[in-house]
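Engineer: For the sequence shown, the positions run 27 to 457 when our numbering is used. Every residue, glycine too, gets a C-beta built ideally from N, C-alpha and C. Remember, predicted model here, so these are calculated numbers, not experimental data. I'd like to ask some things about the structure below.
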Amino acid sequence: MQYEEAVDYLYARLPMFTRDGASALKKDLTNTYRLCEALGNPQERFKAVHIAGTNGKGSTSHMLAAILQAAGYKTGLYTSPHLLDFRERIRINGVMIAKQAVVDFVGEYQPLIAAVEPSFFEVTVAMAFKCFADEQVDIAIVETGLGGRLDSTNIITPLLSIITNIGYDHIQLLGNTLQEIASEKAGIIKPGVPVIIGEWQMEVAGVFERAAAVHASRLMYASQLWQVTSMNKHSGFLHVNVNHRSARNEAVYALDLTGSYQTKNLATVLCAVDELRRMGFSITDTHVGQALMQVQHLTGLMGRWQTLSVDPLVICDTGHNADGWREVLANISATPHHALHMVIGVMRDKDLNNMLPMLPREARYYFCQVAMPRALPAQELHAAAINYGLEGSAFTSVREALQAARQHAGADDLIFVGGSTFVVGELLAIY
(Lines of atoms letter the chains of each structure in order from A; the text may use other names.)
(Lines give C-alpha, C1' and ligand atoms only; values in the text may rest on other atoms or scores of the structure.)
Protein backbone atom coordinates (compact mmCIF):
# COMPACT_ATOMS: atom_id res chain seq x y z
CA MET A 27 0.00 0.00 0.00
CA GLN A 28 1.25 3.47 -0.93
CA TYR A 29 0.65 6.56 1.23
CA GLU A 30 -1.94 7.96 -1.18
CA GLU A 31 -3.82 4.66 -1.08
CA ALA A 32 -3.80 4.62 2.72
CA VAL A 33 -5.20 8.15 2.94
CA ASP A 34 -7.76 7.42 0.21
CA TYR A 35 -8.86 4.40 2.26
CA LEU A 36 -9.41 6.59 5.32
CA TYR A 37 -11.31 9.18 3.30
CA ALA A 38 -13.43 6.77 1.30
CA ARG A 39 -14.01 4.03 3.86
CA LEU A 40 -14.94 6.13 6.86
CA PRO A 41 -17.69 8.66 7.61
CA MET A 42 -16.10 12.11 7.61
CA PHE A 43 -17.66 15.24 9.14
CA THR A 44 -15.94 17.67 6.77
CA ARG A 45 -17.45 15.78 3.84
CA ASP A 46 -20.63 14.24 5.20
CA GLY A 47 -21.66 16.60 8.00
CA ALA A 48 -23.51 15.53 11.15
CA SER A 49 -24.16 11.99 9.89
CA ALA A 50 -20.44 11.23 10.39
CA LEU A 51 -20.53 12.01 14.11
CA LYS A 52 -21.00 9.24 16.67
CA LYS A 53 -23.04 10.01 19.79
CA ASP A 54 -20.74 8.31 22.26
CA LEU A 55 -17.10 7.35 22.79
CA THR A 56 -17.60 3.59 22.37
CA ASN A 57 -15.78 3.29 19.05
CA THR A 58 -12.79 5.29 20.28
CA TYR A 59 -12.51 3.16 23.41
CA ARG A 60 -12.77 -0.02 21.33
CA LEU A 61 -10.07 1.13 18.93
CA CYS A 62 -7.71 2.26 21.66
CA GLU A 63 -8.27 -0.86 23.76
CA ALA A 64 -7.20 -2.94 20.76
CA LEU A 65 -4.12 -0.70 20.45
CA GLY A 66 -3.15 -1.25 24.09
CA ASN A 67 -4.80 1.92 25.46
CA PRO A 68 -2.12 4.35 24.24
CA GLN A 69 -4.04 7.29 25.74
CA GLU A 70 -2.86 6.11 29.16
CA ARG A 71 0.83 6.20 28.20
CA PHE A 72 1.52 9.90 27.70
CA LYS A 73 0.87 13.18 29.51
CA ALA A 74 -1.42 15.66 27.82
CA VAL A 75 -3.04 19.07 27.82
CA HIS A 76 -6.61 18.98 26.45
CA ILE A 77 -7.94 22.06 24.65
CA ALA A 78 -11.53 22.86 23.62
CA GLY A 79 -13.40 26.06 22.73
CA THR A 80 -15.36 27.72 19.94
CA ASN A 81 -12.53 29.92 18.66
CA GLY A 82 -8.81 30.07 19.30
CA LYS A 83 -8.20 26.48 20.30
CA GLY A 84 -6.01 25.82 17.27
CA SER A 85 -3.80 28.87 17.81
CA THR A 86 -3.65 28.17 21.55
CA SER A 87 -2.65 24.55 20.89
CA HIS A 88 0.14 25.54 18.53
CA MET A 89 1.46 28.34 20.74
CA LEU A 90 1.62 26.06 23.76
CA ALA A 91 3.26 23.27 21.73
CA ALA A 92 5.87 25.73 20.43
CA ILE A 93 6.72 26.83 23.98
CA LEU A 94 7.11 23.25 25.22
CA GLN A 95 9.32 22.46 22.20
CA ALA A 96 11.46 25.51 22.90
CA ALA A 97 11.80 24.34 26.50
CA GLY A 98 13.26 21.05 25.25
CA TYR A 99 10.28 18.75 25.71
CA LYS A 100 9.40 16.15 23.10
CA THR A 101 5.96 17.48 22.26
CA GLY A 102 3.10 15.79 20.45
CA LEU A 103 0.44 17.93 18.79
CA TYR A 104 -2.95 16.70 17.60
CA THR A 105 -5.18 19.18 15.76
CA SER A 106 -7.90 19.20 13.12
CA PRO A 107 -8.86 19.70 10.40
CA HIS A 108 -5.82 19.76 8.15
CA LEU A 109 -5.34 22.30 5.38
CA LEU A 110 -3.04 20.62 2.86
CA ASP A 111 -1.80 17.27 4.15
CA PHE A 112 -3.56 14.70 6.35
CA ARG A 113 -0.41 14.39 8.44
CA GLU A 114 -0.73 17.98 9.69
CA ARG A 115 -3.10 16.52 12.29
CA ILE A 116 -0.36 14.53 14.02
CA ARG A 117 2.99 16.18 14.73
CA ILE A 118 5.92 15.61 17.07
CA ASN A 119 8.12 18.64 17.70
CA GLY A 120 6.40 20.31 14.78
CA VAL A 121 7.23 17.54 12.30
CA MET A 122 4.37 15.68 10.64
CA ILE A 123 4.36 11.93 11.17
CA ALA A 124 6.02 9.95 8.39
CA LYS A 125 3.94 8.80 5.45
CA GLN A 126 5.11 5.27 6.21
CA ALA A 127 3.61 5.53 9.70
CA VAL A 128 0.19 6.20 8.17
CA VAL A 129 0.67 3.32 5.71
CA ASP A 130 1.73 0.93 8.48
CA PHE A 131 -1.18 1.87 10.73
CA VAL A 132 -3.81 1.48 8.03
CA GLY A 133 -2.26 -1.74 6.75
CA GLU A 134 -2.06 -3.35 10.18
CA TYR A 135 -5.43 -2.27 11.51
CA GLN A 136 -7.74 -2.57 8.50
CA PRO A 137 -9.46 -5.63 10.04
CA LEU A 138 -10.01 -3.69 13.27
CA ILE A 139 -11.37 -0.69 11.38
CA ALA A 140 -13.71 -2.96 9.43
CA ALA A 141 -14.97 -4.57 12.63
CA VAL A 142 -15.50 -1.35 14.62
CA GLU A 143 -16.78 0.78 11.69
CA PRO A 144 -15.50 4.03 13.21
CA SER A 145 -15.62 7.52 11.76
CA PHE A 146 -12.63 9.15 10.06
CA PHE A 147 -12.03 11.28 13.15
CA GLU A 148 -12.17 8.32 15.54
CA VAL A 149 -9.49 6.48 13.56
CA THR A 150 -7.35 9.60 13.34
CA VAL A 151 -7.49 10.10 17.11
CA ALA A 152 -6.52 6.47 17.72
CA MET A 153 -3.64 6.80 15.26
CA ALA A 154 -2.41 9.97 16.97
CA PHE A 155 -2.57 8.49 20.45
CA LYS A 156 -0.70 5.36 19.38
CA CYS A 157 1.95 7.52 17.72
CA PHE A 158 2.42 9.67 20.83
CA ALA A 159 2.67 6.60 23.07
CA ASP A 160 5.05 4.72 20.75
CA GLU A 161 7.26 7.80 20.34
CA GLN A 162 7.25 8.35 24.11
CA VAL A 163 6.49 12.05 23.92
CA ASP A 164 7.07 14.04 27.10
CA ILE A 165 3.70 15.71 26.65
CA ALA A 166 1.03 16.03 23.96
CA ILE A 167 -1.22 18.99 23.20
CA VAL A 168 -4.58 17.53 22.16
CA GLU A 169 -7.18 19.75 20.49
CA THR A 170 -10.81 18.63 20.43
CA GLY A 171 -12.47 18.29 17.07
CA LEU A 172 -16.02 19.39 17.85
CA GLY A 173 -17.60 20.06 21.23
CA GLY A 174 -15.92 18.23 24.06
CA ARG A 175 -18.06 15.81 26.03
CA LEU A 176 -18.56 13.39 23.14
CA ASP A 177 -15.42 14.29 21.20
CA SER A 178 -13.19 11.29 20.51
CA THR A 179 -10.23 13.01 22.16
CA ASN A 180 -12.13 13.02 25.47
CA ILE A 181 -10.92 9.55 26.48
CA ILE A 182 -7.71 11.10 27.85
CA THR A 183 -7.16 12.22 31.44
CA PRO A 184 -4.91 15.26 30.96
CA LEU A 185 -2.67 17.20 33.31
CA LEU A 186 -4.59 20.34 32.40
CA SER A 187 -7.85 21.18 30.61
CA ILE A 188 -8.31 24.41 28.66
CA ILE A 189 -11.51 25.91 27.23
CA THR A 190 -10.76 29.05 25.24
CA ASN A 191 -14.22 30.61 24.89
CA ILE A 192 -17.83 29.92 23.94
CA GLY A 193 -19.63 31.20 20.85
CA TYR A 194 -22.31 30.08 18.43
CA ASP A 195 -21.03 27.38 16.09
CA HIS A 196 -22.33 23.93 15.10
CA ILE A 197 -25.54 24.75 16.97
CA GLN A 198 -27.37 21.88 15.28
CA LEU A 199 -24.99 19.54 17.11
CA LEU A 200 -23.99 21.34 20.30
CA GLY A 201 -27.10 23.30 21.25
CA ASN A 202 -29.01 26.47 20.48
CA THR A 203 -27.86 28.47 23.50
CA LEU A 204 -24.45 29.48 24.79
CA GLN A 205 -25.19 27.57 27.98
CA GLU A 206 -25.89 24.35 26.07
CA ILE A 207 -22.72 24.77 24.00
CA ALA A 208 -20.70 25.52 27.15
CA SER A 209 -22.07 22.38 28.79
CA GLU A 210 -20.74 20.29 25.91
CA LYS A 211 -17.33 21.97 26.07
CA ALA A 212 -17.27 21.57 29.87
CA GLY A 213 -17.45 17.83 29.27
CA ILE A 214 -13.65 17.77 29.03
CA ILE A 215 -13.29 18.79 32.70
CA LYS A 216 -11.95 15.77 34.61
CA PRO A 217 -11.96 15.00 38.35
CA GLY A 218 -9.15 16.83 40.11
CA VAL A 219 -7.67 18.21 36.87
CA PRO A 220 -7.24 22.01 36.90
CA VAL A 221 -9.12 23.85 34.16
CA ILE A 222 -8.35 27.18 32.50
CA ILE A 223 -11.16 29.14 30.85
CA GLY A 224 -9.67 31.63 28.42
CA GLU A 225 -12.37 34.30 28.51
CA TRP A 226 -14.75 35.06 31.36
CA GLN A 227 -18.24 35.31 29.85
CA MET A 228 -21.15 36.13 32.13
CA GLU A 229 -23.60 33.94 30.21
CA VAL A 230 -21.62 30.73 30.71
CA ALA A 231 -19.40 31.25 33.75
CA GLY A 232 -21.87 29.41 35.96
CA VAL A 233 -21.80 26.36 33.67
CA PHE A 234 -18.04 26.02 34.06
CA GLU A 235 -18.02 26.78 37.76
CA ARG A 236 -20.64 24.13 38.49
CA ALA A 237 -18.80 21.52 36.39
CA ALA A 238 -15.51 22.34 38.11
CA ALA A 239 -17.14 22.08 41.52
CA VAL A 240 -18.66 18.68 40.71
CA HIS A 241 -15.24 17.37 39.69
CA ALA A 242 -13.31 19.17 42.45
CA SER A 243 -11.24 20.83 39.72
CA ARG A 244 -9.49 24.13 40.37
CA LEU A 245 -10.81 26.68 37.86
CA MET A 246 -9.21 29.91 36.71
CA TYR A 247 -10.04 32.54 34.07
CA ALA A 248 -7.04 33.62 32.01
CA SER A 249 -8.68 36.96 31.16
CA GLN A 250 -8.86 37.78 34.90
CA LEU A 251 -5.25 36.77 35.58
CA TRP A 252 -3.54 38.39 32.58
CA GLN A 253 -4.31 41.81 31.17
CA VAL A 254 -3.16 43.10 27.79
CA THR A 255 -2.10 46.73 28.32
CA SER A 256 -1.10 47.56 24.75
CA MET A 257 -0.37 46.07 21.35
CA ASN A 258 0.96 47.21 18.00
CA LYS A 259 2.16 45.68 14.79
CA HIS A 260 5.54 46.37 13.23
CA SER A 261 8.40 44.49 11.60
CA GLY A 262 6.13 41.55 10.86
CA PHE A 263 5.21 40.88 14.52
CA LEU A 264 2.35 41.62 16.87
CA HIS A 265 4.00 43.26 19.89
CA VAL A 266 1.95 42.74 23.03
CA ASN A 267 2.44 44.17 26.53
CA VAL A 268 0.83 42.02 29.21
CA ASN A 269 0.62 42.25 32.96
CA HIS A 270 -0.18 39.53 35.51
CA ARG A 271 -2.41 40.78 38.27
CA SER A 272 0.14 39.68 40.89
CA ALA A 273 3.18 41.16 39.09
CA ARG A 274 4.53 44.69 39.18
CA ASN A 275 6.31 44.64 35.83
CA GLU A 276 4.87 44.21 32.36
CA ALA A 277 6.05 41.48 30.05
CA VAL A 278 6.49 42.18 26.35
CA TYR A 279 6.10 39.52 23.67
CA ALA A 280 6.50 39.60 19.89
CA LEU A 281 4.13 37.17 18.16
CA ASP A 282 4.53 35.89 14.62
CA LEU A 283 0.77 35.25 14.71
CA THR A 284 -0.29 38.82 14.02
CA GLY A 285 -4.09 38.71 14.23
CA SER A 286 -5.21 41.04 17.04
CA TYR A 287 -7.39 38.25 18.44
CA GLN A 288 -4.20 36.42 19.43
CA THR A 289 -4.00 38.64 22.50
CA LYS A 290 -6.86 36.61 24.00
CA ASN A 291 -5.10 33.36 23.18
CA LEU A 292 -1.84 34.71 24.61
CA ALA A 293 -3.44 35.22 28.03
CA THR A 294 -4.68 31.63 27.95
CA VAL A 295 -1.27 30.30 26.94
CA LEU A 296 0.54 32.26 29.64
CA CYS A 297 -1.91 30.97 32.23
CA ALA A 298 -1.25 27.40 30.99
CA VAL A 299 2.51 27.94 31.23
CA ASP A 300 2.11 29.00 34.86
CA GLU A 301 0.14 25.84 35.60
CA LEU A 302 2.67 23.58 33.88
CA ARG A 303 5.46 25.24 35.86
CA ARG A 304 3.58 24.39 39.07
CA MET A 305 3.54 20.77 37.89
CA GLY A 306 7.31 20.73 37.52
CA PHE A 307 7.84 21.66 33.87
CA SER A 308 10.94 23.79 33.39
CA ILE A 309 9.81 26.64 31.15
CA THR A 310 11.68 29.93 31.30
CA ASP A 311 10.48 33.35 30.18
CA THR A 312 13.13 33.12 27.45
CA HIS A 313 11.58 29.88 26.17
CA VAL A 314 8.19 31.58 26.02
CA GLY A 315 9.48 34.66 24.22
CA GLN A 316 11.52 32.74 21.67
CA ALA A 317 8.68 30.33 20.91
CA LEU A 318 6.02 33.00 20.41
CA MET A 319 8.20 34.68 17.79
CA GLN A 320 8.27 31.53 15.65
CA VAL A 321 5.10 29.53 16.26
CA GLN A 322 4.53 29.04 12.53
CA HIS A 323 8.08 27.79 12.00
CA LEU A 324 8.11 25.52 15.07
CA THR A 325 4.67 23.95 14.59
CA GLY A 326 3.66 24.44 10.96
CA LEU A 327 0.56 26.48 11.83
CA MET A 328 -1.07 28.10 8.80
CA GLY A 329 -4.14 30.18 8.00
CA ARG A 330 -4.27 32.54 10.99
CA TRP A 331 -4.27 36.09 9.58
CA GLN A 332 -1.58 34.88 7.22
CA THR A 333 -0.08 37.19 4.61
CA LEU A 334 0.50 35.36 1.33
CA SER A 335 1.63 38.16 -0.96
CA VAL A 336 1.84 41.94 -1.33
CA ASP A 337 1.00 44.41 -4.13
CA PRO A 338 -1.84 43.65 -3.76
CA LEU A 339 -1.89 42.41 -0.20
CA VAL A 340 -3.45 38.91 0.05
CA ILE A 341 -4.37 37.73 3.54
CA CYS A 342 -6.28 34.62 4.62
CA ASP A 343 -7.86 33.53 7.88
CA THR A 344 -9.80 30.44 8.92
CA GLY A 345 -12.31 32.31 11.12
CA HIS A 346 -15.75 31.12 10.04
CA ASN A 347 -18.37 31.66 12.77
CA ALA A 348 -19.88 34.92 14.06
CA ASP A 349 -17.17 35.56 16.65
CA GLY A 350 -14.47 34.57 14.17
CA TRP A 351 -15.84 36.99 11.59
CA ARG A 352 -15.93 39.83 14.12
CA GLU A 353 -12.23 39.33 14.77
CA VAL A 354 -11.44 39.07 11.05
CA LEU A 355 -13.34 42.27 10.26
CA ALA A 356 -11.55 44.10 13.08
CA ASN A 357 -8.22 43.08 11.57
CA ILE A 358 -9.35 44.13 8.09
CA SER A 359 -10.32 47.55 9.46
CA ALA A 360 -6.91 47.90 11.12
CA THR A 361 -5.03 46.96 7.93
CA PRO A 362 -4.25 49.94 5.65
CA HIS A 363 -5.72 49.47 2.18
CA HIS A 364 -7.48 51.34 -0.60
CA ALA A 365 -10.22 49.00 -1.85
CA LEU A 366 -11.31 45.70 -0.29
CA HIS A 367 -11.85 42.47 -2.21
CA MET A 368 -13.42 39.50 -0.38
CA VAL A 369 -12.98 35.96 -1.69
CA ILE A 370 -15.32 33.88 0.47
CA GLY A 371 -16.97 30.48 0.56
CA VAL A 372 -18.88 28.68 3.31
CA MET A 373 -20.26 25.30 4.30
CA ARG A 374 -23.96 24.49 3.96
CA ASP A 375 -24.52 24.45 7.72
CA LYS A 376 -23.50 28.08 8.28
CA ASP A 377 -26.18 30.58 9.35
CA LEU A 378 -26.06 33.07 6.49
CA ASN A 379 -28.68 35.29 8.11
CA ASN A 380 -26.26 35.84 10.96
CA MET A 381 -23.04 36.05 8.92
CA LEU A 382 -23.93 38.09 5.83
CA PRO A 383 -25.19 41.23 7.64
CA MET A 384 -21.76 41.49 9.31
CA LEU A 385 -19.85 41.78 6.03
CA PRO A 386 -18.84 45.22 4.68
CA ARG A 387 -21.02 46.49 1.83
CA GLU A 388 -18.22 48.58 0.34
CA ALA A 389 -16.20 45.46 -0.57
CA ARG A 390 -16.29 43.66 -3.88
CA TYR A 391 -17.12 39.96 -3.45
CA TYR A 392 -15.91 36.84 -5.22
CA PHE A 393 -18.09 33.98 -3.97
CA CYS A 394 -16.57 30.54 -4.34
CA GLN A 395 -16.92 26.92 -3.26
CA VAL A 396 -14.59 24.06 -2.48
CA ALA A 397 -14.93 20.59 -3.99
CA MET A 398 -16.80 18.82 -1.20
CA PRO A 399 -20.49 17.95 -0.67
CA ARG A 400 -20.78 20.10 2.47
CA ALA A 401 -19.80 23.25 0.57
CA LEU A 402 -22.56 25.71 -0.20
CA PRO A 403 -22.64 26.30 -3.99
CA ALA A 404 -21.20 29.70 -4.85
CA GLN A 405 -24.35 30.67 -6.78
CA GLU A 406 -26.49 30.10 -3.67
CA LEU A 407 -24.13 32.16 -1.53
CA HIS A 408 -24.16 34.91 -4.16
CA ALA A 409 -27.96 34.92 -4.28
CA ALA A 410 -28.23 35.16 -0.51
CA ALA A 411 -25.61 37.91 -0.36
CA ILE A 412 -27.50 40.11 -2.81
CA ASN A 413 -30.29 40.40 -0.23
CA TYR A 414 -27.82 42.11 2.09
CA GLY A 415 -26.44 44.54 -0.47
CA LEU A 416 -23.22 42.62 -1.08
CA GLU A 417 -22.13 42.94 -4.70
CA GLY A 418 -19.96 40.49 -6.59
CA SER A 419 -19.82 37.37 -8.73
CA ALA A 420 -19.85 33.61 -8.22
CA PHE A 421 -16.99 31.28 -9.17
CA THR A 422 -16.75 27.50 -9.14
CA SER A 423 -13.40 27.35 -7.36
CA VAL A 424 -11.17 29.32 -5.02
CA ARG A 425 -8.53 29.55 -7.76
CA GLU A 426 -10.93 31.22 -10.22
CA ALA A 427 -12.21 33.61 -7.56
CA LEU A 428 -8.68 34.59 -6.55
CA GLN A 429 -7.65 35.14 -10.16
CA ALA A 430 -10.63 37.46 -10.68
CA ALA A 431 -9.84 39.36 -7.47
CA ARG A 432 -6.23 39.80 -8.55
CA GLN A 433 -7.35 41.14 -11.94
CA HIS A 434 -9.54 43.79 -10.32
CA ALA A 435 -7.29 44.72 -7.39
CA GLY A 436 -4.90 47.63 -7.43
CA ALA A 437 -1.47 47.55 -5.80
CA ASP A 438 -2.78 49.28 -2.65
CA ASP A 439 -5.85 47.07 -2.30
CA LEU A 440 -6.49 44.22 0.14
CA ILE A 441 -7.69 40.80 -0.96
CA PHE A 442 -9.07 38.79 1.94
CA VAL A 443 -9.74 35.05 1.51
CA GLY A 444 -11.76 33.08 4.03
CA GLY A 445 -15.17 32.03 5.28
CA SER A 446 -14.15 28.41 5.75
CA THR A 447 -11.11 26.42 6.81
CA PHE A 448 -11.44 24.51 3.56
CA VAL A 449 -11.42 27.66 1.42
CA VAL A 450 -8.15 28.60 3.11
CA GLY A 451 -6.80 25.10 2.51
CA GLU A 452 -7.57 25.30 -1.21
CA LEU A 453 -5.98 28.76 -1.31
CA LEU A 454 -2.77 27.57 0.36
CA ALA A 455 -2.52 24.77 -2.19
CA ILE A 456 -2.28 27.47 -4.89
CA TYR A 457 0.57 29.23 -3.09
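DSSP three-state label for Gln253, please.
Structural biologist: strand
Engineer: Does the Cβ of Tyr457 have 16 or more other Cβ atoms within 10 Å, making it buried, or fewer, making it exposed?
Structural biologist: exposed
Engineer: Compute the beta-carbon to beta-carbon distance between Leu416 and Ile341, rounded to the nearest angstrom, for a pair I have assumed lies under 8 Å.
Structural biologist: With a Cβ gap of about 19 Å, Leu416 and Ile341 do not count as contacting.
Engineer: Report the option in Cys394, Gly102, Val121 and Glu148 whose CA atom is closest to the CA atom of Lys53.
Structural biologist: Glu148
Engineer: So, under 8 Å CB-CB, Gly418 and Val396 are touching, yes? Tell me the CB distance rounded to an integer number of Å.
Structural biologist: Not really, about 17 Å apart at Cβ, beyond 8 Å.
Engineer: Around the Cβ of Pro107, are there at least 16 other Cβ atoms within 10 angstroms (buried) or fewer (exposed)?
Structural biologist: buried
Engineer: With 16 other CB atoms within 10 Å as the buried threshold, where does Arg117 fall?
Structural biologist: buried
Engineer: Do the CB positions of Ser249 and Ala298 come within less than 8 Å of each other?
Structural biologist: Not in contact: Ser249 and Ala298 (Cβ atoms no closer than 8 Å).
Engineer: Residue range of the alpha helix (DSSP H) that Ser446 falls in?
Structural biologist: Counting along the chain, Ser446 sits inside no alpha helix (DSSP H), nor does DSSP assign it H or E at all.
Engineer: With distances taken from CA atoms, which of Glu169, Leu36, Pro137 and Gly120 is nearest Ala74?
Structural biologist: Glu169
Engineer: Taking just the CA atoms, how far does His364 sit from Ala237?
Structural biologist: 49 Å
Engineer: Apart from the five residues just before and just after Phe263, which ones in its own chain have a Cβ nearer than 8 Å to its Cβ?
Structural biologist: Ala280, Leu281, Asp282, Thr284 and Met319
Engineer: Using a Cβ-Cβ cutoff of less than 8 Å, which residues in the same chain neighbour Phe234 once the five nearest sequence positions on both sides are dropped?
Structural biologist: Ile189, Ala208, Ala212, Ile215, Val221, Ile223 and Leu245
Engineer: From the DSSP output, in three-state form, read off Leu172 for me.
Structural biologist: In the displayed model, Leu172 falls within coil according to three-state DSSP, outside both helix and strand.
Engineer: Just how far apart, CA to CA, sit Gly133 and Tyr59?
Structural biologist: 20 Å
Engineer: In three-state terms, what does DSSP make of Ile118?
Structural biologist: strand
Engineer: Is the separation between the beta-carbon of Thr179 and that of Asn347 shorter than 8 Å?
Structural biologist: no
Engineer: Here's a check: name, in chain order, each residue in its chain whose Cβ is nearer than 6 Å to the Cβ of Thr344, leaving out the five neighbours to either side.
Structural biologist: Gly329, Thr447 and Val450
Engineer: What are the boundary residues of the beta strand (DSSP E) that Ala270 is part of?
Structural biologist: The sequence shown places His at residue 270, not Ala. From DSSP, the beta strand (DSSP E) with His270 extends over Phe263 to His270.
Engineer: Could you tell me which whole alpha helix (DSSP H) segments of length 4 or greater appear in the stretch 207 to 260?
Structural biologist: 228 to 240 and 248 to 251
Engineer: Which partner residues of Tyr104 appear in the DSSP bridge assignment?
Structural biologist: Ile116 and Val168
Engineer: If you check the beta carbons only, do Asn291 and Met89 fall under 8 Å apart?
Structural biologist: yes
Engineer: With C-beta atoms as the reference, is Leu324 less than 8 Å away from Gly120?
Structural biologist: Their beta carbons are under 8 Å apart, which means Leu324 touches Gly120 by this criterion.
Engineer: For Arg274, does the count of other Cβ atoms within 10 angstroms reach 16, so buried, or fall short, so exposed?
Structural biologist: exposed
Engineer: Which residue from Leu454, Val219, Arg303 and Asp34 puts its Cα closest to that of Ala97?
Structural biologist: Arg303
Engineer: Answer with buried or exposed for Arg271, where buried requires no fewer than 16 other C-beta atoms within 10 angstroms of its C-beta.
Structural biologist: exposed
Engineer: Enumerate in chain order the residues of its own chain whose CB-to-CB distance from Ala277 is below 6 Å, with the five nearest sequence positions on each side excluded.
Structural biologist: Val268
Engineer: On the CB-based measure, 16 or more other CB atoms within 10 Å of its CB, does Met305 come out buried or exposed?
Structural biologist: exposed
Engineer: For the alpha helix (DSSP H) containing Ala154, list its first residue and its last residue.
Structural biologist: Phe146 to Asp160
Engineer: Would DSSP call Leu138 helix, strand or coil?
Structural biologist: helix
Engineer: Measure the C-alpha to C-alpha separation of Cys62 and Gln28 and round it to an integer number of angstroms.
Structural biologist: 24 Å
Engineer: Since I believe Gly171 is in contact with Asp164 (beta carbons under 8 Å), could you give me their beta-carbon distance rounded to a whole number of angstroms?
Structural biologist: Under the criterion of beta carbons closer than 8 Å, Asp164 and Gly171 do not qualify as touching, at roughly 24 Å.
Engineer: Could you tell me the distance, in whole angstroms, from the CA atom of Ala154 to the CA atom of Pro144?
Structural biologist: About 15 Å.
Engineer: Does the separation of the CB atoms of Thr289 and Val254 fall below 8 Å?
Structural biologist: yes
Engineer: Determine the closest residue to Ala401 out of Thr422, Trp226, Glu353 and Gly218, with distance taken between C-alpha atoms.
Structural biologist: Thr422
Engineer: Between Gly350 and Asn191, is the Cβ-Cβ spacing less than 8 Å?
Structural biologist: no
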